[in-house]
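I have placed the structure first, in the form of structure tokens, so that the comments after it can refer back to it.
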Amino acid sequence: DFLINASGSNSINILDKAKIIHQYNDLFFRGEYWIAPSKYSTLTNHSIYSVPEFQQFPFLDPHWIIRTNGNREVGPNACPVFSPYGYNKVVNTKEFLPKIYKLIKGKNNKINRAIFSREMLNLIYKEGLSSISKKHMINRVKKFLPIIQDRDFKIRGTAGIRSNLIDNGGNFVMNPIFMLRNNMLHILNYNSPGATGAFPISYSIIFNLIQRGILKNDREDGHKDAQVVCFDQKLIEACKYEIGLDFI
Numbered sequence: 001d002f003l004i005n006a007s008g009s010n011s012i013n014i015l016d017k018a019k020i021i022h023q024y025n026d027l028f029f030r031g032e033y034w035i036a037p038s039k040y041s042t043l044t045n046h047s048i049y050s051v052p053e054f055q056q057f058p059f060l061d062p063h064w065i066i067r068t069n070g071n072r073e074v075g076p077n078a079c080p081v082f083s084p085y086g087y088n089k090v091v092n093t094k095e096f097l098p099k100i101y102k103l104i105k106g107k108n109n110k111i112n113r114a115i116f117s118r119e120m121l122n123l124i125y126k127e128g129l130s131s132i133s134k135k136h137m138i139n140r141v142k143k144f145l146p147i148i149q150d151r152d153f154k155i156r157g158t159a160g161i162r163s164n165l166i167d168n169g170g171n172f173v174m175n176p177i178f179m180l181r182n183n184m185l186h187i188l189n190y191n192s193p194g195a196t197g198a199f200p201i202s203y204s205i206i207f208n209l210i211q212r213g214i215l216k217n218d219r220e221d222g223h224k225d226a227q228v229v230c231f232d233q234k235l236i237e238a239c240k241y242e243i244g245l246d247f248i
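For what it's worth, this note's numbering labels the leading residue of the sequence shown as 1, then goes sequentially.
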């Protein structure tokens, strides 16, 4: 048997349960949104993604987003929480001490210095303020859309929680990690806009595993009941040859 661990924020927990030694820990950030009123529906024809103020934390800056249903939204911020399910005070209060203990129990001074540095604490304060203050959140987007007014925003959008890995040096890990161990492939740190590339990445992973002889191609083995989902041939070739996935 072969296991592909693509469990999002829980992938590192499964990695730990498999007793695989690694150098990573995870931090959780809740991204929140405000839905713009209809008066702003013609303000722009495209989403606007702001240039990150801090290059090492590109997920911090809220954007102006046009949804597929036509809604215009401001967000997300990146409010620190203590669980991949930390959508309310009850869960966050319950997980606060266990999460802090997990972060510091290894006595890794580099991680401790990174998490509790003045810069990080300042960022945490600003993101938390964007969570509790609508005005603060909207004002961040007013820098590039000065016409919008915080008083016009009445409805919150759907929030989501992302996990980001940090390594033993206390550095944020910027890219996905594909860790091949003990007949298991662990997919770590795969965050938005990862959903956009889910199909190509999935194809690339499977091609990689087939080339390594870990998985078999039932179609090539002559199985009559083998089914292949039809995608554009150019997409398949791009998945196979152009997306470089490094298994570690």
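Every residue, glycine too, gets a C-beta built ideally from N, C-alpha and C.
For residue 31, the beta-bridge partners assigned by DSSP are 160. Just so you know, the alpha carbons of residue 41 and residue 135 end up roughly 20 angstroms apart.
The beta-bridge partner set that DSSP reports for residue 247 consists of 178. Under DSSP, residue 121 shares a beta bridge with no residue. Just measuring C-alpha positions, the residue of 23, 73, 167, 80 sitting nearest residue 138 is 73.
Under DSSP, the beta-bridge partners assigned to residue 26 are 165. Rounded to the nearest whole angstrom, the CA to CA distance from residue 131 to residue 77 is 7 angstroms. Between the C-alpha atoms of residue 101 and residue 4 there is a straight-line separation of about 29 angstroms. Residue state for residue 91 is assigned as helix, using DSSP reduced to three classes. Boundaries of the beta strand (DSSP E) harbouring residue 74: 72 to 75, taken from the DSSP string. Nearest C-alpha to residue 214 among 184, 199, 104: 184. A contact is defined here as three or more CB-CB pairs under 8 angstroms, and the stretch 27 to 44 meets this definition with respect to the stretch 152 to 171.
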